[in-house]
Structures are given as structure tokens and as C-alpha cells.
Amino acid sequence: MDLLKDSVKNLYFRYLFPSMGSAVVASVYLMTDAVVIGKGIGDNALAALNMTTPIISFMLSIGILFGIGGSVLFSVHKGTGDDEKANKCFTTALLGVLTAAIIICVLFNIFDKQILSLMGAKDELFDLAFDYVRFYYYFAIPSVLVNFCSAFVRSDKDPNRAMIAVTAGGIVNVVFDIVLVYPAQMGMAGAAIASVSGITVQLLVCLTHFLSKKNTIRISKPIKVLKNTFQILKGGLSGFITELSNAIIIFVFNLQLLNYCSNAELAVYGVLANCAILFNALFVGVGQAVQPVSAFNFGAGQNDRIAKLRKYAYSTVLIMGVVFALSGILFPDFVASCFIDLTDATREVTKTAMPIYFIAFFAMGVNVLSTYYFQSLMKGGYSLAVSMLRNIIISSVLLITLPMFFGGFAIWFAIPITEAVVAVISFILLIKNNKQMKSKV
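Below, the structure is given as C-alpha cells:
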């Protein structure tokens, strides 16, 4: 595979299919968790699972912070032909992620219940949530490392292994989910054991890359560790925020629903949140397919090839967005019934809330892809701007102010408005960046 000479279209699809395959499998076992818990344990269990999402997403996002930030620099140095710099970049990123993983593991196990309390969990929901999240505390180190390893395996021209790793982990997760929750009757603990087992298997398969003939990564004594770590964190920050966005939004959403709405709205939001996680993962799959090829060609100054790649990627996410949005707008009851057994109360909320919320998916793909695309071109400022506006600033402001001024029902409009506004900003930044690239030709 020659990232500088092979057909751009062929390269895109050679990376897209494994990346999307990985995203689909990962999403399937995320959905299996939600469906098995919602159907096998109950509505409150699904709401409790939703409250653990910020904690779990944080651990997974740390791996992305170092993995994406490090792998983009790795690919850029590879594109310039400087393998030594690429290896030093990997080693620095590895030291950083291992340090972070150990710190998280220690702190989360010491302050286990206090951390969960910050998510707003109380009474029965707290007990259900703690029964689930405590296993992620125990397996914090593999949970942090799994996305880090996946990013470097893809950047080292082995996307198929990354897909096989996710598939293997997904199979373990799904099988254990069904067995431990239904026949074994282990409840939330069983679902959690299934999830962390899948993550561990995925990590182990990814690690086989470093023992294979395809591996070109070497441990190399790092230099200027603080400076290079800062560059890695800067490059990975927008990806970190993008991945963590679901956790941030879910956290604020949960608090606002607890303040303004009933348990029926909370249960339906559990469905909407899982759909958002699923679709976000698929959009991320496109971004991950673009990133290694774009970064490699950016390092080599091949702007024409990057332009072709951009065209394929944005066309893909726009088509996906239309399909995803229409599924919830046209068939809200069907989508919700896949996760929970609808009562009169939840059915009524679903019919009004889901069509509004799903409008967001028309534009979400453009915003998610833009963060990965700008990262690959070393446009960390653009990438960070899109991530911050979408995932923290605009969304949080709307989630807080809309129900305050217009009542609890207005909360469902916050995410669609956010995605639409940020999509406009993304297109403006794309146009600006394209002009800059053309001026350098």
C-alpha cells in the first residue's frame, strides 16, 4: 500500500471499509449493551447505564487524546520520510498514555462512589449504575489503552487488524452480554463484565500488530519530551473532545431532565443518547479512514490528492446523515421499541421528542469529520474550534437556557440547533482552508 501513489479512491475505500466495519461492530456491541440492559433488566437500568457514560467515555477518550494526537504526527513524519522522528513521537505518546492510564486506575478505584455521585445518580439508579461502572474502574488501564493502540495500528498501514480486533471484542461482548444477563441473571454486573472483556480482547488483538511483519513502529529514546507531549496533546485534543462530547452532553442533559422533566423523558433520552453514540461512532469511522491518508499526503505536500479524498469523505457523511435522521423522524416508535418496552408515557414522549432530536443527524457527520480532517492537516485550531463549539459551548448554553425560558420540552431542540450552527462554521473553515492550500500550490 503506497499512500502517495495509489489511487486516492482505492485508498479511501481500503481504509473506509475496515474503519466503518470497526465502527459498526463497536456500535453493535454498544447497542447490544443498551438493548440487553433495557429489555433484560428494565427502564431504570437503561437510565442508570446512561449515567455511567460520562465516566466510561472519559477513560476511552484519554486513549484517543494520545492515540490520535500521536498517530497524526507519526503519519506526517512518515510522509516526509523521517522514520526516526515518527518513532520518537510514538514512544512519547506511549509514555504519556501509560502514565495517564495508571493515574486514572488508581484515582477511580479510590474515589469510586464519589465520582459516580457527581453524575447525578441517586437511590436505585445509583445502585444499578455502580454495579456496572465498578468493573470499568477495575479495567481502567485496558479501557484507556484500547483506542491508543487502534489509532497507531491504523496509521501503521494495518487497518484490517484494527477491524479484526473490534470484531473479536464485539463477539465476546455480545455473547457474554446475552449469557450473563439472561441465563446467569447477573444483572448490571454481568453486562459490565461482558463490556470490559470485549475491550480487553480488542486490545490484545491490536497488540499482535507489534509482533507482526507489518509493524514498522520501533521504541526510540524520546527527546524534548515536554515539547513533543504538548504537540501530541494539542493534536489530539479535538478528537478527545469529540469522543467525550457524548459524555458531556449526556451529563448536562441528564441534569436538566432531572430538573424539568419526568422519568419517562429520562428513559426516552436513554434511547436517544444510545442512537447518538451509534451514529457518532459511524461518523468517526469515516474520519479515521481519512486521517492516515490525508496526514501522510499532507506531509508530502500532495494537496491535489487531499482534495479528492475530502470530496469522497464529505459525500459519504452527508448521505449517512440523511439516512440516520430520517430513521427517527419517520419511525420513532420502532426505533425506541428496539431498546425499551414502550409504556403509554414513554410512547408519548418518543413521538414528540425523537423526530426533533434526530434532525441533528443531518449535520452531525460534517462536524465530526471536520475535526478529524483538520487534525490531519495540522490545523489544530480549526479542529479544536469545531469541537469546543459543538460539544461544550453552544450545546451547553442551549441545554441550560432553552428549558429555562421555554420549558422542559424545549430541551429537545438544543442538539439540532447546535449541529446546524456548527455545520455552517465548519463549511466556512473548510472554504478558508481550501483557499490557503491552493495558494501554496
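Each number in the numbering used here comes from the position in the sequence shown (counting from 1) with 140 added on. Note that beta-carbon positions come from the ideal geometry of N, C-alpha and C, so glycine has one too.
| query | result |
| --- | --- |
| If we ignore side chains and look at the alpha-carbon of each, how far apart do residue 395 and residue 260 end up? | 7 Å |
| Use the C-beta contact count for residue 363: other C-beta atoms within 10 angstroms, 16 or more gives buried, fewer gives exposed. | exposed |
| I'd like the ranges of any alpha helix (DSSP H) spanning at least 4 consecutive residues and lying wholly in the segment 464 to 533. | 472 to 477, 484 to 497, 501 to 516 and 520 to 528 |
| Just verifying my parser: in three-state terms, what is the DSSP assignment at residue 299? | helix |
| Alpha carbons only, please: which of 232, 358 and 296 is nearest the one belonging to residue 365? | 232 |
| Does the distance from the C-beta atom of residue 414 to that of residue 479 stay below 8 Å? | yes |
| Under a Cβ-count criterion, where at least 16 other Cβ atoms within 10 Å of its own Cβ denotes burial, should residue 541 be classed as buried or exposed? | exposed |
| Run the CB neighbour count on residue 576, radius 10 Å, all protein chains shown included, and call it buried at 16 or more, exposed below. | exposed |
| Between 156, 337, 150 and 257, which lies nearest to residue 173 when the distance is taken from Cα to Cα? | 337 |
| For a test of the three-state rule: what should DSSP assign to residue 325, helix, strand or coil? | coil |
| Would you mind working out which of 518, 559 and 512 sits nearest residue 534, comparing C-alpha positions? | 559 |
| Does the Cβ-Cβ distance between residue 472 and residue 483 come in under 8 Å? | no |
| With distances taken from CA atoms, which of 426, 301, 225 and 324 is nearest residue 353? | 301 |
| Using alpha carbons as the reference points, say which of 531, 549, 554 and 529 lies closest to residue 583. | The structure shown does not extend to residue 583, since the chain is modelled only from 141 through 581, so no value can be given for it. |
| May I ask you to report which of helix, strand or coil DSSP gives residue 259? | coil |
| Under a Cβ-count criterion, where at least 16 other Cβ atoms within 10 Å of its own Cβ denotes burial, should residue 405 be classed as buried or exposed? | buried |
| Of all the options 524, 150 and 192, which has the alpha carbon lying nearest to the alpha carbon of residue 275? | 192 |
| Would residue 412 and residue 494 be called neighbours here (beta carbons separated by less than 8 Å)? | yes |
| Whose C-beta lies closer than 6 Å to the C-beta of residue 292 among residues of the same chain, with five residues either side of it excluded? | 211 |
| Once DSSP output is grouped into helix, strand and coil, what is the label at residue 198? | helix |
| If you pair each beta-carbon of the segment 278 to 292 with each one of the segment 340 to 358, do three or more pairs fall below 8 Å? | yes |
| Between which two residues does the alpha helix (DSSP H) harbouring residue 428 extend? | 403 to 439 |
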